[in-house]
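Following: one structure in structure tokens, then a few remarks.
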Amino acid sequence: DVKVTQSSRYLVKRTGEKVFLECVQDMDHENMFWYRQDPGLGLRLIYFSYDVKMKEKGDIPEGYSVSREKKERFSLILESASTNQTSMYLCASSVESNEQFFGPGTRLTVL
Amino acid sequence: DAKTTQPPSMDCAEGRAANLPCNHSTISGNEYVYWYRQIHSQGPQYIIHGLKNNETNEMASLIITEDRKSSTLILPHATLRDTAVYYCIVRVRDDKIIFGKGTRLHILP
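Chains as they are written, first to last, in the numbering used here: chain A, 277 to 387; chain B, 0 to 108.
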């Protein structure tokens, strides 16, 4: 089975802190994605990557950056966390253009 | 913007077939219909996808109308564990997924 893991299920940070959310997949997938999910807004794509060291902006990249140094790992970075970045963050991976496999999510609270 | 319209919620009795509709009247010829679901506090889970033919797998069946403007996801024997939000998505296979609001399915004991 494909496994997508995220570094934390729950995270609490303070405004202004630098936050790293890590995602690892074990199936050698080329594509990886970061979403955030908020009540009433559904899932929104932040960034995605089709290959190592490649990244593409999604629909809401402002306030975020990403890093993909290795194929299996895709990191989401909040340079200076703000309260409006309190959300559920979901990572996903896929091979070619097939279905995406999602991780369990990280619920981030910024105080 | 999501290209699909789904009812916000539905109920289904346990053991009965759950039929979840989706309208995608502006679908293009090269766009597939995908279904995902999200159980509370978990990441979304892929269910099934199709282009124009009906599809069936171990989880569900997908019925796509001949004009491809709508589709129905069928869970043949719904159980309480099928309670989730179901997302219908249309996309070109190489394109990103855009999730809409989905349908919240309640399975009633």
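Heads up, the beta-carbon is just placed ideally off N, CA and C, and yes, glycines get one too. Predicted model only: the values in this text are computed from it and were never measured.
Here B/Thr78 is exposed. Its C-beta has fewer than 16 other C-beta atoms within 10 Å.
Against B/Tyr45, the close residues of chain A are Glu375, Gln376, Phe377, in the order they occur along the chain (beta-carbon pairs closer than 8 Å). Among the residues facing chain B, A/Asp335 is included, as its CB has a counterpart in that chain under 9 Å away. Here A/Arg285 carries a coil assignment [DSSP, helix/strand/coil]. Note on geometry: alpha-carbon atoms of B/Thr4 and B/Asn22 lie some 5 Å from one another. Contact of B/Gly49 with chain A is not assigned, every C-beta pair being separated by 9 Å or more. By the rule that beta-carbons nearer than 9 Å mark a contact, B/Ser40 touches chain A.
Cα atoms of B/Arg15 and B/Pro108: separation of roughly 11 Å, rounded to the nearest angstrom. DSSP places A/Val371 in no beta strand (DSSP E); its state is neither H nor E. Nearest neighbour of A/Ser358 by Cα position, chosen from A/Glu338, A/Met308, A/Val300, turns out to be A/Glu338.
With distances taken between CA atoms, A/Phe377 lies nearest to A/Val300 out of A/Val300, A/Met330, A/Asn360, A/Ser283. Rounded to whole angstroms, the Cβ separation of A/Ser351 and A/Glu298 is 5 Å, and the two are in contact under 8 Å. Counting the other Cβ atoms within 10 Å of the Cβ of A/Met303 gives fewer than 16, which makes it exposed.
Sequence-distant Cβ neighbours of B/Pro43 in its own chain, meaning closer than 8 Å and more than five residues away, are Tyr35, Arg36, Gln37, Tyr86, Phe98.
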